[in-house]
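The numbering of the sequence shown is this note's numbering, which starts it at 10 and goes up by one. For reference, the structure discussed in these notes is given below.
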Amino acid sequence: MSNIQDGHGRRVGLLAARINELAGLGLEQKTIQLAGELHDTGKVLTGQDILHAPRPLTPEEKGVIRKHPLLGLGVLQWYGHDFPREVMDATLLHHERWDGTGYPLGLKGRHIPLWVQVISVADTIDACLSKRNYKHSWTPEAVRKILQQEAGRAFEPKLALLCATHLDDLLEVWNADYAWEKLGDKLPDGQHSN
10 MSNIQDGHGR
20 RVGLLAARIN
30 ELAGLGLEQK
40 TIQLAGELHD
50 TGKVLTGQDI
60 LHAPRPLTPE
70 EKGVIRKHPL
80 LGLGVLQWYG
90 HDFPREVMDA
100 TLLHHERWDG
110 TGYPLGLKGR
120 HIPLWVQVIS
130 VADTIDACLS
140 KRNYKHSWTP
150 EAVRKILQQE
160 AGRAFEPKLA
170 LLCATHLDDL
180 LEVWNADYAW
190 EKLGDKLPDG
200 QHSN
């Protein structure tokens with residue numbers, strides 16, 4: 010899956026699993042982590058010139074990107090494995106917004122499954138913290154602020170505010186994964202794979 014940003018899915022999965030714990034949601038950890046890992050599967054069918062463009066995308070390129078949730082669902086269905094519902098939902102719906110302005114279906118509020126909201130918040134945290142060709146990484150304080158601002162707009166309000174409150178804990182998960190990524194197969198002291 011070279012078209013997907015290095016480590017993004019893994020970090021989203023780890024963050025989602027930790028958010029699940031912090032919120033006491035009771036979702037199965039392995040399932041929510043897998044949903045995070047596979048949420049951007051549709052990007053394997055998106056051109057690298059678009060995914061790694063060192064500039065803002067054109068309206069046409071944004072249209073191509075907006076197709077990746079549907080493409081991802083198709084890829085997972087084509088694969089023939091019986092993925093859990095949470096994985097399929099997260100792949101299709103992770104760009105839906107609490108206020109109904111997301112895509113591809115324009116779902117609103119509680120019509121967006123809770124596990125998808127978890128993936129969406131985790132996806133946003135990783136996207137903000139990660140450096141890309143077209144942007145610098147954000148500071149933790151800027152990430153906290155966006156979570157607070159987007160509570161009730163992009164995200165379920167209580168979940169977004171919980172993540173803003175516990176951002177330091179989520180940063181530990183994120184930083185540990187980056188350290189692991191740099192070390193390759195050797196895990197940092199005190200860290201274990203899930």
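Even for Gly, the Cβ is constructed at its ideal location relative to N, Cα and C. Please read all numbers here as calculations on a predicted model, not as lab measurements.
Taking all protein chains shown into account, K52 has 16 or more neighbouring C-beta atoms within 10 Å of its C-beta and is therefore buried.
When DSSP states are grouped into helix, strand and coil, K144 belongs to the strand group.
The DSSP-derived three-state label of A99 is helix. The beta carbons of T40 and E105 sit no closer together than 7 angstroms.
Inter-segment contact for the region 61 to 70 and the region 85 to 92 is absent: fewer than three beta-carbon pairs are separated by less than 8 angstroms.
In this structure, DSSP gives A62 a state outside helix and strand, which the three-state scheme calls coil. For the pair P149 and L171, the Cα-to-Cα distance works out to about 15 angstroms.
Per DSSP, W87 is one residue of the alpha helix (DSSP H) stretching across H77 to Y88. Each residue's CA atom was taken as its position, placing V125 and A99 some 5 angstroms apart. Listed in chain order, the alpha helix (DSSP H) runs fully inside the region 13 to 73 are 17 to 32, 38 to 47 and 57 to 60, counting runs of at least 4 residues. Only exposed fits Q57, as fewer than 16 other CB atoms lie within 10 angstroms of its CB. Here A173 carries a helix assignment [DSSP, helix/strand/coil]. Ranked by how close their Cα comes to the Cα of V182, the residues K76, D108, L24 and T67 have L24 in first place.
Pairwise C-beta distances place the region 105 to 121 in contact with the region 156 to 163, as three or more of them are shorter than 8 angstroms. In this structure, the straight-line span from the alpha carbon of L47 to that of V73 is close to 19 angstroms.
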